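Residue 21 is where the sequence shown starts when you use the numbering used here, and the numbers rise one by one after that.
For glycine and all other residues, C-beta sits at the position ideal for the given N, C-alpha and C.
Keep in mind that this is a model prediction, so the values were computed, not measured.
The block underneath contains the structure these notes are about, expressed in structure tokens.
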Amino acid sequence: MNLKDKNILIIMPEFYSFQTNLKDELESRGAHVKFYDEEPKKTKFLILKNMESIFHKKDVFGKFNRQLTNQIIAEKPTEGYDYFLVIRGNVLSEETIITIKERALKNGAKTIYYTWDPVEYVRHKGKLGLLFDKRYDFDSVDVRNTDMGYELLPLFYTDEFDAADWQKPDEYLYDYVSVSAFFPYRYRYLKAFKKANPDKKLLFKLYLSPVVYWGKKIKDPKLVKNLDMDIITFKPYTHDEMRQQCMETRAILDLTQEHQQGLTMRTLETVGAKKKLVTNNTYISEYDFYNEADYVIMSDLSAKADEAERTGDYSAFILPDDEWLRKQYQENEEIRKNYSIHAFIDKIFA
């Protein structure tokens with residue numbers, strides 16, 4: 021996809037290194053990229069969302085939308101933008117999108133919408149996407165069940181997680197690695213996996229912000245009482261550290277919320293890194309890279325945790341053994357490359 025000297029406008033929330041990854045890839049193709057943060061003041065926006073849902077207050081994001089629109093128009097390139105991409109657009113109004121299209125874009129510019137959240141969890145329920153030429157969703161169930169013309173487009177892995185650039189370690193430090201943000205359900209499941217797998221080399225870490233921890237200490241002390249500090253960390257891992265952990269393990273354990281249908285970035289990173297994966301996301305079996313040799317689905321973890329805590333029997337949380345871990349990874353290079361950031365950019369800007 022040739023994007024040399026194309027002006028690209030992107031509105032999206034900050035999400036780990038997602039912005040940086042997109043920017044680097046687009047600029048490597050010669051594009052000029054301008055980002056605007058959809059939620060620059062996270063705490064304030066959370067308060068506004070609560071006001072909207074609790075008090076049914078309308079137009080709580082009106083001021084933000086007007087300021088954002090004016091800023092984009094004032095800062096646009098003289099000739100306007102060639103591409104306009106919105107990712108999620110949770111607080112954007114239809115008026116904002118229409119005005120930007122009319123006043124900040126070139127004639128014939130392409131407009132694209134993408135969501136990494138199921139449409140039922142965004143404020144506009146996916147209808148904002150109808151204002152764009154193309155609309156993509158990372159959730160296969162959304163694509164099947166909505167009639168708004170969404171196409172399936174999963175997330176991606178970056179070059180940092182491309183096994184083609186990795187040197188296989190002489191010895192693996194871990195059998196399983198699971199590193200992510202703290203959520204009560206994840207903590208509960210990881211404790212169960214830890215109890216059930218004393219014979220395996222595990223790195224289980226959940227990042228819990230000190231601010232959140234002390235807030236919970238006051239508001240919900242039971243939630244953070246007697247935390248297993250072998251699992252909890254108050255210091256987030258860097259991107260490089262997480263890449264190194266992925267290199268040093270035989271397999272990844274990825275835990276999503278029970279209702280999640282789309283694939284996580286971590287799942288796609290295992291595709292790029294050619295790592296085996298254990299996950300509770302049953303929808304992974306719908307994708308062309310899935311095979312039973314490299315992917316294990318452990319479903320209904322909430323019910324299994326209830327039973328384990330009641331009986332003391334954690335056998336339902338025993339992870340696949342050494343025989344599975346040592347089996348050769350089933351490679352399909354053509355399919356694997358379809359989930360790279362390069363393929364993602366090719367499709368979304370086609």
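Between the alpha carbons of F75 and F84, how many angstroms are there, rounded?
To locate residue 75, count along the sequence shown from 1; it is residue 55. To locate residue 84, count along the sequence shown from 1; it is residue 64. At F75, the pLDDT of 48 sits below 50, so the modelled position is not reliable and the matter cannot be decided from this model.
Using 10 angstroms around the beta-carbon of D195, count the other beta-carbons present and answer buried if the total reaches 16, otherwise exposed.
On the sequence shown, position 175 is the one that residue 195 refers to. Under this definition D195 is a buried residue.
Indicate the three-state DSSP secondary structure (helix, strand or coil) for M285 in the structure shown.
In the sequence shown, counting from the first residue as 1, residue 285 sits at position 265. Here M285 sits in helix by DSSP.
Is it buried or exposed for R330, if we count other Cβ within 10 angstroms and need 16 for buried?
The residue you call residue 330 lines up with position 310 of the sequence shown. The residue is exposed, with fewer than 16 neighbouring Cβ atoms inside 10 Å.
Measuring only the C-alpha atoms, how far is V199 from E306?
Mapped onto the sequence shown, residue 199 falls at position 179. Mapped onto the sequence shown, residue 306 falls at position 286. Cα-Cα distance, rounded: 25 Å.
Leaving aside the five residues before and after A363 along the sequence, list all residues of the same chain whose C-beta is less than 8 Å from its C-beta, in chain order.
The residue you call residue 363 lines up with position 343 of the sequence shown. F176, K357.
In three-state DSSP terms, what is M318?
Numbered from 1 along the sequence shown, position 298 holds the residue referred to as residue 318. Residue state, collapsed to three classes: coil.
Is R108 helix, strand or coil by DSSP?
Within the sequence shown, residue 108 is the residue found at index 88, counting from 1. It is coil, neither helix nor strand.
Looking at the structure shown, is I28 part of a helix, part of a strand, or coil, going by DSSP?
Counting from one through the sequence shown, the residue named residue 28 turns up at place 8. I28: strand per DSSP, three-state reduction.
Please report the straight-line C-alpha distance between E122 and I107, rounded to a whole angstrom.
Here the question's residue 122 lines up with position 102 in the sequence shown. Here the question's residue 107 lines up with position 87 in the sequence shown. Looking at the two C-alpha atoms, the distance is approximately 19 Å.
When the distance is taken between beta carbons, is L42 closer than 9 Å to A216?
As a position in the sequence shown, residue 216 is number 196, starting the count at 1. As a position in the sequence shown, residue 42 is number 22, starting the count at 1. No, these two residues do not count as a Cβ contact at 9 Å.
Rounding to the nearest angstrom, what Cα-Cα distance links I118 and Y101 in this structure?
Taking the sequence shown and counting its residues from 1, the one referred to as residue 118 is at position 98. Taking the sequence shown and counting its residues from 1, the one referred to as residue 101 is at position 81. Distance between the alpha carbons of I118 and Y101: 14 Å.
Could you please give me the residues that DSSP links to S200 through a beta bridge?
Numbered from its first residue, the sequence shown carries residue 200 at position 180. In DSSP, S200 forms a bridge with L226.
In whole angstroms, what is the alpha-carbon distance linking T283 and K96?
Translated into the one-based positions of the sequence shown, residue 283 becomes position 263. Translated into the one-based positions of the sequence shown, residue 96 becomes position 76. The sequence given here places Leu at residue 283; Thr does not occur at that position. Computed Cα separation, rounded: 34 Å.
Just to check my reading of the structure: D157 and Y170 have Cβ atoms closer than 8 Å, yes? What is that Cβ distance to the nearest angstrom?
Your numbering for residue 157 matches position 137 in the sequence shown. Your numbering for residue 170 matches position 150 in the sequence shown. The Cβ separation is near 4 Å, so the contact holds.
Buried or exposed for Y334, please, with buried defined as at least 16 other CB atoms from any protein chain shown within 10 angstroms of its CB.
Counting from 1 along the sequence shown, the entry for residue 334 is found at position 314. With 16 or more Cβ atoms within 10 Å of its Cβ, Y334 is classed as buried.
Please look up how many angstroms separate the CB atoms of Y359 and L288, rounded, as I've assumed it's under 8 Å.
Counting from one through the sequence shown, the residue named residue 359 turns up at place 339. Counting from one through the sequence shown, the residue named residue 288 turns up at place 268. Yes, Y359 and L288 are in contact; Cβ-Cβ is about 5 Å, under 8 Å.
Assuming D159 and P138 are in contact, meaning their beta carbons sit under 8 Å apart, how far apart are those beta carbons, in whole angstroms?
Here residue 159 corresponds to residue number 139 of the sequence shown, with the count starting at 1. Here residue 138 corresponds to residue number 118 of the sequence shown, with the count starting at 1. With a Cβ gap of about 5 Å, D159 and P138 count as contacting.
Let me know if N110 comes out buried or exposed under the rule of 16 or more other beta-carbons within 10 Å of its beta-carbon.
Counted from its first residue, the sequence shown places residue 110 at position 90. Answer is buried; the Cβ neighbour count reaches 16.
Check whether the Cβ atoms of I132 and R155 sit closer than 9 Å, and answer yes or no.
For the purposes of this step, residue 132 is taken as residue 112 along the sequence shown, with counting starting at 1. For the purposes of this step, residue 155 is taken as residue 135 along the sequence shown, with counting starting at 1. It is a contact, given that the beta carbons lie within the stated cut-off.
Please return the same chain residues whose Cβ sits closer than 7 Å to the Cβ of K236, not counting the five positions on each side in sequence.
For the purposes of this step, residue 236 is identified with residue 216 of the sequence shown, where counting begins at 1. L243, V244, listed in sequence order.
Is the beta carbon of Q265 sitting closer than 9 Å to the one on L228?
As a working note, residue 265 is residue 245 in the sequence shown. As a working note, residue 228 is residue 208 in the sequence shown. Against a cut-off of 9 Å, the Cβ pair of L228 and Q265 comes out as no contact.
Applying the criterion that 16 or more other CB atoms from any shown protein chain within 10 Å of the CB defines a buried residue, is S113 buried or exposed?
Here residue 113 corresponds to residue number 93 of the sequence shown, with the count starting at 1. Label assigned to S113: buried.
Answer yes or no: does any C-beta atom of chain C fall closer than 9 Å to that of Y196?
Of the protein chains in the structure, only one exists, and it is not chain C.
Under a Cβ-count criterion, where at least 16 other Cβ atoms within 10 Å of its own Cβ denotes burial, should T89 be classed as buried or exposed?
Within the sequence shown, the letter at position 69 stands for residue 89. With 16 or more other Cβ atoms within 10 Å, it is buried.
Would the beta-carbon of Y310 fall within 9 Å of that of I252?
Residue numbering aside, residue 310 sits at position 290 when the sequence shown is read from its first letter. Residue numbering aside, residue 252 sits at position 232 when the sequence shown is read from its first letter. It is not a contact, given that the beta carbons lie outside the stated cut-off.
Under the rule that 16 or more other beta-carbon atoms within 10 Å means buried, what is I328, buried or exposed?
The residue you call residue 328 lines up with position 308 of the sequence shown. In the sequence under discussion, the amino acid at residue 328 is Ala, which differs from the Ile named in the question. A328 is buried by the Cβ-count criterion.
Enumerate in chain order the residues of its own chain whose CB-to-CB distance from D248 is below 7 Å, with the five nearest sequence positions on each side excluded.
Working through the sequence shown from its first residue, we reach residue 248 at position 228. So the qualifying residues of the chain are K211.
On the premise that A336 lies in contact with K5, defined as a C-beta separation below 8 Å, what is that separation, rounded to the nearest angstrom?
Examination of residue 5 is not possible in this model, given that the chain is present from 21 through 370 alone.
Classify S335 as helix, strand or coil using the three-state DSSP reduction.
On the sequence shown, residue 335 is found 315 positions in, with the first residue counted as 1. In this structure, S335 counts as helix in the three-state DSSP scheme.
What do you reckon, are the CB atoms on F6 and L46 nearer than 9 Å?
What the structure shows of the chain is the stretch from 21 to 370, and residue 6 is not part of that stretch, so it cannot be assessed.
Count the other CB atoms, across all protein chains shown, that sit within 10 Å of the CB of E261; report buried if there are 16 or more and exposed otherwise.
As a working mapping, residue 261 is identified with position 241 in the sequence shown. Per the 10 Å Cβ criterion, exposed.
Below 8 Å CB to CB, which residues in the same chain sit around R346 once its five sequence neighbours on both sides are set aside?
For the purposes of this step, residue 346 is taken as residue 326 along the sequence shown, with counting starting at 1. Excluding residues within five positions, the ones whose Cβ falls inside 8 Å are R270.
So, at 8 Å on beta carbons, what are the nonlocal neighbours of Y233 in its own chain, with the 5 sequence-adjacent residues on each side left out?
The residue given as residue 233 occupies position 213 in the sequence shown. Cβ neighbours of Y233 beyond the five flanking positions: V244, F254.
Look at the alpha carbon of I355 and the alpha carbon of V291, and state the distance between them as a whole number of angstroms.
To locate residue 355, count along the sequence shown from 1; it is residue 335. To locate residue 291, count along the sequence shown from 1; it is residue 271. Spanning the two alpha carbons is a distance of roughly 9 Å.
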